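When we follow the numbering used here, the leftmost residue of the sequence shown carries the number 30, and every step to the right adds one.
Contents: one structure, followed by commentary.
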Amino acid sequence: MHNAKVLAAVITAGLFIGVNVNAEMVIINGKAFEKGTKDIPAQKTGGTSNEVISVPSNSNAGNTSVIQDPLRMKKIFLFPALDDLSGVLAPKMDEKLAEIFARNPRFELVRDAAVLRALSPDEAAYAKAATNQAVHREAARVTGADTTVLLRARNVGNETEMTLEFRDANGDLLFSESGNVPGFSSMAARSNLLTKLFQNVLAKIPFEGTVTGRAGNTLTLDLGSDSIRAGDEVDLARIVSVQRHPLLHTIVGTDYVRTGKAKVTNVDRAISFAEITQEFPGESVKSGAKVLIARNTTVRRGEGEVPELENEPAPSMGQVPRKEQRLEKRGRAREKNPLDDRLEGDFDRKKARFGSAGINLAYGSLTHSQAEGGNLTELSGGGLGGSLDGELWITREWIASVSYGFQSANLSGSNINAGSSSWKKFELAGGYRLYPEAIAEGIEVTGSVGFQTQKFNVPAVAGTSLGSKAYGGIVLKLDGSFLFLPDQKVTSGFAFQPFSSFTEEGASAGSPDGGSVVTFHLAWNYRFADSFWAKIGMQFDTANGNYDNGNSVSNKRFAIGPGIYYSF
Numbered sequence: 030m031h032n033a034k035v036l037a038a039v040i041t042a043g044l045f046i047g048v049n050v051n052a053e054m055v056i057i058n059g060k061a062f063e064k065g066t067k068d069i070p071a072q073k074t075g076g077t078s079n080e081v082i083s084v085p086s087n088s089n090a091g092n093t094s095v096i097q098d099p100l101r102m103k104k105i106f107l108f109p110a111l112d113d114l115s116g117v118l119a120p121k122m123d124e125k126l127a128e129i130f131a132r133n134p135r136f137e138l139v140r141d142a143a144v145l146r147a148l149s150p151d152e153a154a155y156a157k158a159a160t161n162q163a164v165h166r167e168a169a170r171v172t173g174a175d176t177t178v179l180l181r182a183r184n185v186g187n188e189t190e191m192t193l194e195f196r197d198a199n200g201d202l203l204f205s206e207s208g209n210v211p212g213f214s215s216m217a218a219r220s221n222l223l224t225k226l227f228q229n230v231l232a233k234i235p236f237e238g239t240v241t242g243r244a245g246n247t248l249t250l251d252l253g254s255d256s257i258r259a260g261d262e263v264d265l266a267r268i269v270s271v272q273r274h275p276l277l278h279t280i281v282g283t284d285y286v287r288t289g290k291a292k293v294t295n296v297d298r299a300i301s302f303a304e305i306t307q308e309f310p311g312e313s314v315k316s317g318a319k320v321l322i323a324r325n326t327t328v329r330r331g332e333g334e335v336p337e338l339e340n341e342p343a344p345s346m347g348q349v350p351r352k353e354q355r356l357e358k359r360g361r362a363r364e365k366n367p368l369d370d371r372l373e374g375d376f377d378r379k380k381a382r383f384g385s386a387g388i389n390l391a392y393g394s395l396t397h398s399q400a401e402g403g404n405l406t407e408l409s410g411g412g413l414g415g416s417l418d419g420e421l422w423i424t425r426e427w428i429a430s431v432s433y434g435f436q437s438a439n440l441s442g443s444n445i446n447a448g449s450s451s452w453k454k455f456e457l458a459g460g461y462r463l464y465p466e467a468i469a470e471g472i473e474v475t476g477s478v479g480f481q482t483q484k485f486n487v488p489a490v491a492g493t494s495l496g497s498k499a500y501g502g503i504v505l506k507l508d509g510s511f512l513f514l515p516d517q518k519v520t521s522g523f524a525f526q527p528f529s530s531f532t533e534e535g536a537s538a539g540s541p542d543g544g545s546v547v548t549f550h551l552a553w554n555y556r557f558a559d560s561f562w563a564k565i566g567m568q569f570d571t572a573n574g575n576y577d578n579g580n581s582v583s584n585k586r587f588a589i590g591p592g593i594y595y596s597f
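In structure tokens:
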């Protein structure tokens with residue numbers, strides 16, 4: 030509990046604007062004061078009301094003995110992820126990052142519930158505290174970690190930028206890797222990007238482990254059974270200098286001197302023991318030395334390029350010639366290159382940039398109802414139909430859409446056989462698309478306005494007022510999409526014409542006096558290739574017209590069927 034109070038005090042101190050984190054600080058009762066200033070209040074000699082914490086400076090950062098400790102990178106404390114977007118991503122990314130570290134044997138996660146409570150990631154002040162050097166330094170001291178890690182996510186234009194930061198026990202930045210995914214990407218794509226950032230950091234660490242102690246010629250190493258085996262030979266080195274980026278201050282290179290060699294004799298789950306086999310002249314293997322595991326160097330060559338040896342020895346009895354071995358290996362590499370560690374995920378797919386086009390087939394019914402002088406005439410029938418749809422993505426948010434649909438049916442009923450009838454629909458609209466990720470991942474909502482016409486062609490029948498009816502006008506639309514799995518989503522939409530014009534051809538039951546049109550659609554979609562989606566869904570359209578004499582007419586269409594569309 031005392032440590033949690035201490036950390037909370039440092040967090041408070043780190044939020045003061047103008048605090049020099051490189052100066053030697055004194056924290057009294059939750060407030061930070063720079064040593065040597067006259068603002069420090071007098072400290073009481075009795076009691077415990079004044080809590081004083083001395084924060085060391087960076088004055089000996091250039092000392093060679095100090096260089097070894099910041100690069101130990103064994104015990105890791107994970108700061109809660111800093112999500113500048115909506116806050117909903119942070120817990121998911123925390124779980125993924127902890128899982129990544131847990132799978133890598135070179136790291137050991139340290140936990141401290143009191144420290145996590147003191148950090149208070151739900152508080153508005155956490156954004157400043159999580160990026161403050163003094164807070165990282167104190168968190169490392171309290172938890173016993175030698176490295177702290179913070180993941181940051183924020184929107185940059187139409188993309189989400191993620192940054193993974195590693196800091197040493199003094200709060201200085203060690204490594205920082207950033208990457209981007211489209212803002213509408215799934216959680217799986219974000220997780221894959223996080224894994225890539227982690228691997229990029231690993232590639233920059235020039236050693237595998239650290240010597241934690243020495244007794245005689247016996248060394249203890251912080252490498253366990255998942256990283257090393259008994260009998261392995263390792264090189265030992267000391268870091269003499271570190272090169273940092275002049276602006277970012279991250280480590281971009283290290284210079285080290287080999288001090289000796291050792292052979293691993295015993296391996297436990299978390300540590301191992303080795304015997305020194307050689308110490309180079311003028312050098313001594315000490316605690317803090319870095320462990321370099323010798324590995325075979327593999328050179329990637331162009332496809333089809335097989336290196337030739339000038340004086341290749343002849344194969345022994347029963348041995349396959351080396352050239353044939355290389356050709357065989359080359360053939361296997363074409364199937365799956367084992368050196369290609371590129372992760373494949375949603376964000377690796379080719380992203381559509383311009384729009385989509387699709388075709389749908391359907392089977393459904395048409396219904397025509399007409400109320401005239403207290404008499405109701407109802408006709409219905411079924412048949413095949415379809416539609417052509419397209420979208421143009423002007424920007425990530427602004428879109429234009431066009432649609433044309435049709436269906437045929439033989440209408441009959443009320444002792445009337447109207448014969449072959451049809452339904453046609455045309456729509457042109459423009460809209461704005463939102464991505465409300467605060468609600469859930471993978472949601473898209475589009476509001477549109479445009480022009481729509483629907484025409485029901487009903488053949489004229491002698492002695493009746495049957496005929497073709499047409500509805501047209503401004504249409505308001507609301508469409509939604511929910512990607513609930515990486516390759517599956519549900520789409521739905523609702524549209525209506527608030528002030529629809531109503532016209533007809535042929536016999537009439539009166540003078541048309543306006544109408545209304547409402548449509549609804551729902552579909553399940555499955556992505557079977559990078560740019561192709563298949564779907565099955567339903568659509569319902571209803572149009573109602575009124576006459577000035579009180580008569581009315583209603584036309585309905587319901588259809589269900591499959592479809593396919595291509596994103597380009």
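By construction, the Cβ of each residue, glycine as well, lies at the ideal position given by its N, Cα and C atoms.
The structure presented is a predicted model; accordingly, all values stated were derived computationally and were not measured.
From I445, P134 and V504, residue whose alpha carbon lies closest to that of A572: For the purposes of this step, residue 572 is identified with residue 543 of the sequence shown, where counting begins at 1. If we check each option's Cα against that of A572, V504 comes out closest.
Considering just the uninterrupted stretch of the alpha helix (DSSP H) at N439, what are its terminal residues? Translated into the one-based positions of the sequence shown, residue 439 becomes position 410. From DSSP, N439 is part of no alpha helix (DSSP H) but of the beta strand (DSSP E) over W427 to G442.
Take A110 and list the residues in its own chain whose beta-carbon comes closer than 6 Å to its own, dropping the five residues that flank it on each side. Locating residue 110 in the sequence shown gives position 81, where the first residue counts as 1. Excluding sequence neighbours, A110 sits near A119, M122, D123 and L180.
Taking all protein chains shown into account, decide if R462 is buried (16 or more other Cβ within 10 angstroms of its Cβ) or exposed. On the sequence shown, position 433 is the one that residue 462 refers to. By the 10 Å Cβ count, R462 comes out buried.
Where DSSP assigns a beta bridge to F531, which residues make up the other side? Along the sequence shown, read from residue 1 onward, the residue named residue 531 stands at position 502. BP columns for F531 point to Y500.
Measuring CA to CA, which of A168, L507 and S560 is closest to F525? Here residue 525 is taken as the residue at index 496 of the sequence shown, counted from 1. If we check each option's Cα against that of F525, L507 comes out closest.
By DSSP, does H165 sit in helix, in strand, or in coil? Position 136 of the sequence shown holds residue 165. Residue state, collapsed to three classes: helix.
List the residues that DSSP assigns as beta-bridge partners of D418. Within the sequence shown, the letter at position 389 stands for residue 418. DSSP lists G387 and S432 as partners of D418.
Quick check for students: name the residue ranges of the beta strand (DSSP E) that lie wholly in the region 193-252, counting only runs of 3 or more. 202-211, 238-244 and 247-250
Span of the beta strand (DSSP E), counted from its first residue to its last, around R462: Locating residue 462 in the sequence shown gives position 433, counting from the first residue. R462 -> beta strand (DSSP E) spans I445 to L463.
Burial state of T475 (16 or more Cβ within 10 Å): As a first step, residue 475 is located in the sequence shown; it is residue number 446 there, counting from the start. So T475 counts as buried.
Nearest by alpha-carbon distance to L405: which of S583, V210, R166 and D197 is it? The residue given as residue 405 occupies position 376 in the sequence shown. With distances taken between Cα atoms, L405 lies closest to S583.
Check each candidate in P515, G415 and L395 and name the one with the smallest Cα separation from A558. Your numbering for residue 558 matches position 529 in the sequence shown. Nearest C-alpha to A558: P515.
I'd like the list of long-range same chain contacts for G442, defined as Cβ closer than 7 Å, with 5 residues on each side in sequence excluded. To locate residue 442, count along the sequence shown from 1; it is residue 413. Once the five neighbours on either side are set aside, the close Cβ partners of G442 are E407, L408 and S409.
Here's the rule I'm using: 16 or more other beta-carbon atoms within 10 Å means buried, otherwise exposed. How should V296 be labelled? As a first step, residue 296 must be located in the sequence shown, where it is residue number 267. With 16 or more Cβ atoms within 10 Å of its Cβ, V296 is classed as buried.
Measure the alpha-carbon distance for L421 versus F528 and round it to whole angstroms. One-based indexing of the sequence shown puts residue 421 at position 392. One-based indexing of the sequence shown puts residue 528 at position 499. Answer to the nearest angstrom: the Cα atoms are 27 Å apart.
Quick one: using the 10 Å Cβ neighbour count with 16 as the cut-off for buried, is Y285 buried or exposed? One-based indexing of the sequence shown puts residue 285 at position 256. Burial call: buried.
For L248 versus A303, is the C-beta spacing smaller than 8 Å? In the sequence shown, residue 248 corresponds to position 219, counting from 1. In the sequence shown, residue 303 corresponds to position 274, counting from 1. Yes. Within cutoff.
Thinking just about the alpha-carbon of each residue, which of N209, G260 and T192 is nearest to the one in L202? On the sequence shown, residue 202 is found 173 positions in, with the first residue counted as 1. Considering only alpha carbons, the answer is T192.
Can you tell me the Cα-Cα spacing of T176 and F523, whole angstroms? The residue labelled residue 176 in the question sits at position 147 within the sequence shown. The residue labelled residue 523 in the question sits at position 494 within the sequence shown. So the alpha carbons of these two residues sit roughly 53 Å apart.
For G393, does the count of other Cβ atoms within 10 angstroms reach 16, so buried, or fall short, so exposed? For the purposes of this step, residue 393 is identified with residue 364 of the sequence shown, where counting begins at 1. Under this definition G393 is a buried residue.
Closest by CA to K103, which one among G592, T160, K125 and A174? By 1-based counting over the sequence shown, the position of residue 103 is 74. The shortest Cα separation from K103 among G592, T160, K125 and A174 belongs to A174.
Inter-residue spacing [alpha-carbon to alpha-carbon] between G501 and S449: Translated into positions along the sequence shown, residue 501 becomes position 472. Translated into positions along the sequence shown, residue 449 becomes position 420. Each residue's Cα considered, the two are about 23 Å apart.
Just reading off the alpha helix (DSSP H) that A156 is part of, what are its end residues? In the sequence shown, counting from the first residue as 1, residue 156 sits at position 127. Where A156 is concerned, the enclosing alpha helix (DSSP H) stretches over Y155 to A158.
In whole angstroms, what is the alpha-carbon distance linking G543 and Y576? Counting from one through the sequence shown, the residue named residue 543 turns up at place 514. Counting from one through the sequence shown, the residue named residue 576 turns up at place 547. Rounded to whole angstroms, G543 to Y576 spans 8 Å at the Cα level.
Got a sec? Which residues, its chain only, sit under 6 Å from S301 by beta carbon, not counting five neighbours each side? As a working mapping, residue 301 is identified with position 272 in the sequence shown. For S301, where only same-chain residues beyond five positions count, the Cβ hits under 6 Å are L250, L252, I257 and V293.
For E124, which three-state DSSP category applies? Indexing the sequence shown from 1 puts residue 124 at position 95. Helix at E124.
Are any of the Cβ atoms in chain B nearer than 8 Å to that of D251? Absent from the structure is chain B; it holds one protein chain and no more.
Nearest residue (CA-CA) to L599, options R243, M216 and F130: The requested residue 599 is not part of the displayed model; the chain covers only 30 to 597.
Proximity to A127 [Cα-Cα], best of V320, D418, L223 and Q307: Within the sequence shown, numbered from 1, the residue matching residue 127 stands at position 98. The shortest Cα separation from A127 among V320, D418, L223 and Q307 belongs to L223.
Reducing DSSP to helix, strand and coil, say where A143 ends up. Start at 1 with the first residue of the sequence shown, and residue 143 comes out as number 114. Of the three classes helix, strand and coil, the one that applies to A143 here is helix, per DSSP.
Counting C-beta neighbours from all protein chains within 10 Å, is the total for Q272 16 or more, i.e. buried, or is it exposed? Residue mapping note: residue 272 aligns to position 243 of the sequence shown, counting from 1. The residue is exposed, with fewer than 16 neighbouring Cβ atoms inside 10 Å.
In angstroms, rounded to a whole number, what distance separates the CA positions of F435 and S385? Against the sequence shown, residue 435 aligns to sequence position 406. Against the sequence shown, residue 385 aligns to sequence position 356. So the two alpha carbons sit approximately 20 Å from each other.
Please confirm whether G238 and R132 have their CB atoms less than 8 Å apart. Within the sequence shown, numbered from 1, the residue matching residue 238 stands at position 209. Within the sequence shown, numbered from 1, the residue matching residue 132 stands at position 103. Against a cut-off of 8 Å, the Cβ pair of R132 and G238 comes out as no contact.
Give the secondary structure of V171 by DSSP, where H, G and I count as helix, E and B as strand, and everything else as coil. Taking the first residue of the sequence shown as 1, we reach residue 171 at position 142. Residue state, collapsed to three classes: helix.
Boundaries (first-last residue) of the beta strand (DSSP E) holding F106: If you number the sequence shown from 1, residue 106 lands on position 77. From DSSP, the beta strand (DSSP E) with F106 extends over K104 to L107.
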